[in-house]
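Per the UniProt record's numbering, the very first residue in the sequence shown carries number 1; after that it's consecutive.
Here's the structure, in structure tokens; my notes come after.
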Amino acid sequence: MKNISLFSLRSAQPILLALLFITTVHIADAQVIFQEDKNNFIRLVKKQNETGSDMRANQHPFTLQEQDVSAILSAIQVVKNKNTSTPLFSNEQVALLAAYLPEALRTATAQQDVIFALSKEKRYLAGLKTQTYYVAGSIFVADDQLNILIGEFDKVANKAYEMAYDPTSQGLVKYDFDFGNRKQAKFSFDSPLSFSAPGIELKTKNRFDWVVAPTQLAFEAPVEKETLSPANRENTPSKKDVAGSAPLPAENDIVARFKRLDALKKANLISETEYAEKRRQLLDEL
């Protein structure tokens, strides 16, 4: 019996090593730009493997200013009915993308897309209860336009599921998100959109999940030197530091919270007093 078990273990070893290699490659393919938890992140991933004209390389790296990102994303509205519409992105989501998307596009290669998943909370029952919703999609620059693929809008967090599998709210539950697709999917985002800024439009009339916005910013050649927006220099480790000493998960969480706090302050979503208090609390946790 012992010989059979040993033989089985040895036989399975190549398979286990192969699975480990595949997992490692998959993780390496996703380059984290911002991550607060398993369901709030902005990452760089390998460009979708499409056919035809969509095989053309993205115009990355690309320089885009924070104010341009904010203006574009704030102008996209989801039409509920004839008289009602709601922003595709909340103010906080716009602030986070405006802070980190320029860095992502500067860092991206021609074969990478930016993907994102971000949460927001809505209050109901006179503010007594809250519900978490997610927006997810991908962004890239092509044909001198900022392309936004909408994969999810107001995806509802399953509180019952989270309470069952993560009763102490440790962030163990990871949702599967749709990040949009260049090739139209059967069940893609299909809510009508409206735009409050000139030049923003649908990529094609029959698709509500693909938005394009014009940009006149110059295409840049790749550079080796890491560049960070001034707002994100503080608390951001260099590539050398990251490679030399990988931070613990708790440290990653603290850094992400510092970045999010800075983004909220820059977007004027919190007061100076609130910013100082929250920053002091984070420093106390170090």
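Virtual Cβ for every residue (Gly too), placed ideally from N, Cα, C.
(request) Rounded to whole angstroms, what's the CA-CA distance from Leu105 to Leu64? Just pull it up for me. (result) 8 Å
(request) Could you check the C-alpha separation between Ala136 and Phe116 for me, to the nearest Å? (result) 5 Å
(request) Please say whether Asp178 and Leu172 have beta carbons closer to each other than 9 Å? (result) no
(message) Quick check on Ile270: does DSSP put it in helix, strand or coil?
(response) coil
(request) Answer yes or no: do residue 370 and Trp210 have a C-beta to C-beta separation smaller than 9 Å? (result) Residue 370 is absent from the structure shown; the chain starts at 1 and stops at 286.
(request) My understanding is that Ser85 touches Gln77, with C-beta atoms under 8 Å, so please give their C-beta distance in whole angstroms. (result) 4 Å
(request) To the nearest angstrom, report how far apart Leu248 and Gly127 are at their CA atoms. (result) With a pLDDT of only 45 at Leu248, under the threshold of 50, the placement of this residue in the model should not be trusted; the figure read from the coordinates follows. Taking the straight line from one Cα to the other gives about 36 Å.
(request) Pick out whichever of Asn206, Val212, Ala160 and Leu264 has its Cα sitting closest to the Cα of Ser90. (result) Leu264
(request) Would you mind working out which of Asp190, Asp37 and Leu101 sits nearest Arg207, comparing C-alpha positions? (result) Asp190
(request) Please say whether Tyr175 and Lys155 have beta carbons closer to each other than 9 Å? (result) yes
(message) By the three-class DSSP mapping on this structure, what secondary structure does Pro192 have?
(response) coil
(message) Which residue wins for smallest C-alpha separation from Ile150, given the options Thr130, Ala30 and Leu73?
(response) Leu73
(message) Quick check: the Cα distance between Ala98 and Leu193, rounded to an integer number of angstroms?
(response) 21 Å
(request) Identify whether Leu128 lies in helix, strand or coil by the three-state DSSP scheme. (result) coil
(request) Let me know the secondary structure DSSP gives Ser169 once reduced to three states. (result) coil
(request) In the DSSP assignment, find the beta strand (DSSP E) that holds Ser85 and state where it starts and stops. (result) Thr84 to Pro87
(message) Against chain D, with Cβ distances strictly below 9 Å, would Gln35 count as a contact?
(response) The structure shown contains no chain D; it is built from a single protein chain.
(message) Please return the same chain residues whose Cβ sits closer than 6 Å to the Cβ of Ala79, not counting the five positions on each side in sequence.
(response) Sequence check: residue 79 is Val here, not Ala. The residues are Ser85, Pro192 and Ser194.
(message) On the DSSP letters alone, give me the boundaries of the alpha helix (DSSP H) that Asp209 sits inside.
(response) Premise fails: Asp209 is in no alpha helix (DSSP H) and is neither H nor E.
(message) Between which two residues does the alpha helix (DSSP H) holding Arg106 run?
(response) Asn91 to Thr107
(request) Could you spell out where the beta strand (DSSP E) holding Asp154 opens and where it closes? (result) Gln145 to Val156
(message) Which same chain residues end up closer than 8 Å to Glu121 when comparing Cβ atoms and leaving out the 5 residues on each side of it in sequence?
(response) Thr130, Gln131, Thr132 and Tyr133
(request) Inspect the beta-carbon positions of Gln111 and Ala30 and report whether they are closer than 9 Å. (result) no
(request) Starting from the Cα of Val32, find the closest Cα among Tyr275, Arg43 and Asn39 and give me that residue. (result) Arg43
(request) Find out if the Cβ-Cβ distance for the pair Asp144, Gln59 is shorter than 9 Å. (result) yes
(message) Quick check: the Cα distance between Arg260 and Leu96, rounded to an integer number of angstroms?
(response) 7 Å
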